[in-house]
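First comes the structure, then the notes that go with it.
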Amino acid sequence: MLGRLKMPIDQAIKEYVTFCSKVFSDKKWQSGNEKFRASVFEASMEAMIKSSGLSPNALLQDYDSQSCKSFVVALPAFNMTPRCFRSYIVGANPGPNCTIVQAARATTANPEFFKPVVITDGGIPESFIAGNFGYNNPSRSVIKETESAFGHSALVACFVSIGAGKLDPPSVQKTDMKHMLDSLSQAVADSEKIAEELEDQYQHVPDVFFRLNVEQGLQKCAWDDWKKFTSSGKNT
1 MLGRLKMPID
11 QAIKEYVTFC
21 SKVFSDKKWQ
31 SGNEKFRASV
41 FEASMEAMIK
51 SSGLSPNALL
61 QDYDSQSCKS
71 FVVALPAFNM
81 TPRCFRSYIV
91 GANPGPNCTI
101 VQAARATTAN
111 PEFFKPVVIT
121 DGGIPESFIA
131 GNFGYNNPSR
141 SVIKETESAF
151 GHSALVACFV
161 SIGAGKLDPP
171 SVQKTDMKHM
181 LDSLSQAVAD
191 SEKIAEELED
201 QYQHVPDVFF
211 RLNVEQGLQK
221 CAWDDWKKFT
231 SSGKNT
């Protein structure tokens, strides 16, 4: 939204709240693995893109060299190796040049909430799920992308990592299967370990790496609980 759609921050927040209220208030009632409808997600994304002055089928890649470079991460369902979907062009491993909607679907296709998205690139269809399984914090990917976009000799002047609120530490005090799986899923999705590693990496380089996150108050705020945005704002 801030990158490819070039939205100001205030507008992006407003559009995001509207988007979530549409997508996450339409829960599926029939049996199935996913809670929400991918079709509603896609229609809401298309409306947002159209309101930004672009075609609903606009490609993710932006050929304006002055535009802000942005990317998202998703996982191929076949081998779970992270894949970057970029708004800019790189020389090696360019990734699929899909639509903005497809990229948004890929990076948010958490199997609990949405079905995987199939993207065809070069005539080959591939199924993608969200990057939250081990890649909730894509900061390491940001460093690699900086090298791909600007060259290996480019120096990082400022690196700001923004979290979505700290989680409670995972617990394995209960040994029933559901609790164990929930704890493992939480551990895999935790983004603080990467942030702590980068803080150590940049500790002798002052005023370069900054980690901004909410310490308390968002532990019980579910990914799909858009009605808690007000409390989220108060705790931020």
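One point on numbering: in the numbering used here, the residue at position 58 of the sequence shown is 58, and numbering is uninterrupted. Just so you know, even glycine gets a beta-carbon here, dropped at the ideal spot from N, CA and C. None of the values given here were measured: they were computed from a predicted structure.
Distance CB(residue i)-CB(residue j) smaller than 8 Å
i	j	result
residue 100	residue 111	no
residue 117	residue 105	yes
residue 73	residue 141	yes
residue 103	residue 75	no
residue 197	residue 166	no
residue 84	residue 121	no
residue 55	residue 70	no
residue 127	residue 161	no
residue 114	residue 41	yes
residue 39	residue 23	no
residue 119	residue 82	no
residue 107	residue 131	yes
Cα-Cα separation, residue i to residue j
i	j	result
residue 156	residue 67	18 Å
residue 27	residue 37	7 Å
residue 194	residue 145	16 Å
residue 18	residue 1	13 Å
residue 21	residue 204	43 Å
residue 51	residue 5	10 Å
residue 135	residue 164	13 Å
residue 199	residue 159	11 Å
residue 190	residue 35	22 Å
residue 125	residue 80	16 Å
residue 14	residue 147	33 Å
residue 154	residue 143	11 Å
residue 53	residue 93	30 Å
residue 8	residue 33	36 Å
residue 78	residue 12	33 Å
residue 212	residue 64	30 Å
Residue span of the alpha helix (DSSP H) that contains residue i, given as start and end
i	result
residue 194	192 to 201
residue 58	That residue, residue 58, is in no alpha helix (DSSP H); it is neither H nor E in DSSP.
residue 140	139 to 150
Endpoints, the beta strand (DSSP E) within which residue i is located
i	result
residue 121	117 to 121
residue 85	83 to 86
Sheet register partners of residue i (DSSP bridge)
i	result
residue 211	161
residue 129	75
residue 36	27
residue 99	59
residue 124	121
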